[in-house]
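A short worksheet on the structure shown next.
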Amino acid sequence: MNKSNLNLEDNGARHTFSEAVGKNVANPTAMLLCATKMLRHVNLQPYSDLILNAVGSVLKAGKVRTKDLGGQSTTNEFTFAVIANLG
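In full-length UniProt numbering, the protein residues as written are 1 to 87.
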């Protein structure tokens, strides 16, 4: 195994809000942005850009916000809004 080709992406937020487990209230932005970094690393820049732009569009519009962003939207609602903004 060539160690120079190894890469580890971690958003650092997996365990910071353990009270939210199973409650559909967590903000998935950090996990989604971490995924974009991984996609860039494996030379899938177009897919990374799609997700990054979709997350940015949802945040900029401000209509779908999780509680930590001052809204009442669920994790699923935020994620579905991102999916709706892909491409």
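Where is the CB? At the ideal position from N, CA and C, for every residue including glycine.
Nearest-angstrom Cα separation, counted from residue j out to residue i
i           : j     : result
residue 102 : His41 : This structure gives no information on residue 102, because the portion of the chain shown stretches from 1 to 87.
Leu50       : Ser57 : 11 Å
Leu69       : Asn43 : 32 Å
Met31       : Thr66 : 14 Å
Gln45       : Asn27 : 24 Å
Thr36       : Glu19 : 26 Å
Leu33       : Leu52 : 7 Å
Beta-carbon proximity of residue i to residue j, cut-off 8 Å
i     : j     : result
Val82 : Gly71 : no
Leu39 : Ser48 : yes
Leu86 : Ala54 : yes
Three-state class that DSSP yields for residue i in the structure shown
i     : result
Thr79 : helix
Thr36 : helix
Thr66 : strand
Practice task
Examine the Cβ distances between the segment 17-29 and the segment 68-78 and report whether three or more of them are shorter than 8 Å.
Solution key: yes
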